[in-house]
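So for the sequence shown, our numbering puts the first residue at 11; every next one is plus one. Down below is the structure, laid out as structure tokens.
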Amino acid sequence: MSSKAQLEALFSSHGISLSLLDYLERYGDPTKLELQAQEVLRGVPIQYVVGNVDFYHANLEVNKNVLIPRFETEELCDKVIRILKTWKTDMLSIADIGTGSGCIAITMKQAFPKSEVIGIDISSEALEVAKRNGIRNHVDIIWKQGDLLQPLTGKYDCIISNPPYIDKNDSEVMESVRTYEPHIALFAEEEGFKNYHNILKEVKPYLKEQYLLAFEIGYQQKEHLETYAKEKFPNAKVWVEKDLSGKDRFLFILKK
Ligand SMILES: C[S@@+](CC[C@H](N)C(=O)[O-])C[C@H]1O[C@@H](n2cnc3c(N)ncnc32)[C@H](O)[C@@H]1O
């Protein structure tokens, strides 16, 4: 059994920040501290090691079947909430395509409790996690398995998606991401654009008269996606916003 001092020395000798050890002590299982520390030393992302992560006003279970929700996605939710708050009603219909842990869907339902929110994922394993996260955070969401928009039936005020958008040949992907996070959540064909193309081509029948489409995008995808969206939605306002680190990260298409 290693003492705290021994674990600190081990982390330091591996060049791993001691703040990760503090995180383990705070959020991990105190009876498994040494085991969990070894996993962190092996490179397993700390959120998978402790099995949960905070996101906006929720705490979410995460495991190897779901992407670890990113800070940028909290920013996306925040921006969407601000735009939707200018709507005259809070009884909205909102869809989250590629819901993963359910982070976006759950945040929308927390922000607009009277709204109908649907979360869709192609992965049944991810959807199981999302369902548990809905229960864990006491929100009532419709969860459906399927390919992008295929499970949708009605018309929506708002459709949000953080789809897989990394080109398979992208050499910038961090080793720990490539090794531990689900590839179905990361990579997409057509140099990463496939899911955006498919959603933008097929989404119109699922939109109300006034609508907001909101996407998280790769920071090098702005030019193509802004042009593509303007072609598909000539009567809507189309724009891209940067994330807090100054990278082009969010695409919005708004018709009011
Ligand atoms: C980048 S992750 C985003 C997860 C979560 N929304 C978030 O922001 O953390 C993309 C998600 O889309 C799902 N996915 C991939 N291809 C899909 C498809 N064709 N239809 C629906 N979901 C898909 C993956 O299983 C994964 O959960």
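Note that CB positions come from ideal geometry on N, CA and C, so glycine has one too.
Which residue wins for smallest C-alpha separation from residue 214, given the options 128, 44 and 263? Taking only the C-alpha atoms, the option nearest residue 214 is 263.
If we define contact as Cβ-Cβ less than 7 Å, is residue 47 a contact residue for chain C? Within the model displayed, chain C is absent; a lone protein chain is all it includes.
In DSSP terms, what residue 153 is bridged to: Per DSSP, 129.
Is the beta carbon of residue 174 less than 7 Å from the beta carbon of residue 195? Cβ distance < 7 Å, so residue 174 and residue 195 count as in contact.
Would you say the beta carbon of residue 110 comes nearer than 6 Å to a heavy atom of ligand 1? Residue 110: yes, Cβ under 6 Å from ligand 1.
CA-CA distance, residue 67 and residue 117? Going from the Cα of residue 67 to the Cα of residue 117 covers about 7 Å.
Across the stretch 254-262 and the stretch 190-205, are there enough close Cβ pairs to call them in contact, namely three or more that are closer than 8 Å? No contact exists between the stretch 254-262 and the stretch 190-205.
Using the three-state DSSP reduction, which class does residue 259 fall into: helix, strand or coil? Assigned with DSSP and collapsed to three states, residue 259 falls in strand.
Could you have a look at residue 21 and say whether DSSP puts it in helix, strand or coil? Of the three classes helix, strand and coil, the one that applies to residue 21 here is helix, per DSSP.
When 177, 61 and 243 are compared against residue 209, the one with the closest alpha-carbon: The option with the nearest alpha carbon to residue 209 is 243.
Spatial neighbours of residue 57 within its chain, please: CB distance less than 6 Å, with the 5 preceding and 5 following residues excluded, ordered by chain position. When the five nearest sequence neighbours on each side are left out, the beta carbons in the same chain lying within less than 6 Å of the beta carbon of residue 57 are those of 63, 72 and 78, in order along the chain.
Residues near residue 142 in its chain [Cβ-Cβ closer than 7 Å; skip 5 each side]: If the five residues before and after residue 142 are omitted, its C-beta is found closer than 7 Å to the C-beta atoms of 71, all from its own chain and listed in chain order.
Note the first and the last residue of the continuous alpha helix (DSSP H) segment covering residue 238. Where residue 238 is concerned, the enclosing alpha helix (DSSP H) starts and stops at 232-242.
So residue 219 is in the beta strand (DSSP E); what residue range does that whole segment cover? Annotation for residue 219: the continuous beta strand (DSSP E) segment containing it runs 217-226.
So, residue 55 versus residue 190, is the Cβ gap smaller than 7 Å? Between residue 55 and residue 190, the gap from beta carbon to beta carbon is short of 7 Å.
Report the residue from 13, 212, 167 and 61 whose alpha carbon sits nearest the alpha carbon of residue 93. Here the closest residue by C-alpha is 167.
By Cβ distance below 8 Å, which residues in the same chain neighbour residue 227 in space, the five residues on each side in sequence not counted? Within its own chain, the residues whose Cβ lies closer than 8 Å to the Cβ of residue 227, once the five positions on either side in sequence are excluded, are 175, 206, 235, 250, 258, 259, 260 and 261, listed in chain order.
Please tell me whether, using a cut-off of 6 Å, the distance from the CB of residue 5 to the nearest non-hydrogen atom of ligand 1 is below it. Residue 5 falls outside the range modelled here, since the chain spans only 11 to 266, and no answer is possible.
Within 10 angstroms of the Cβ of residue 157, are there 16 or more other Cβ atoms? Answer buried if so, exposed if not. Classification for residue 157: exposed.
Own chain partners of residue 223 with C-beta closer than 6 Å, once the 5 adjacent residues on each side are dropped: Scanning its chain for C-beta atoms nearer than 6 Å, with the 5 sequence neighbours on each side dropped, one finds around residue 223 the residues 169 and 263, in chain order.
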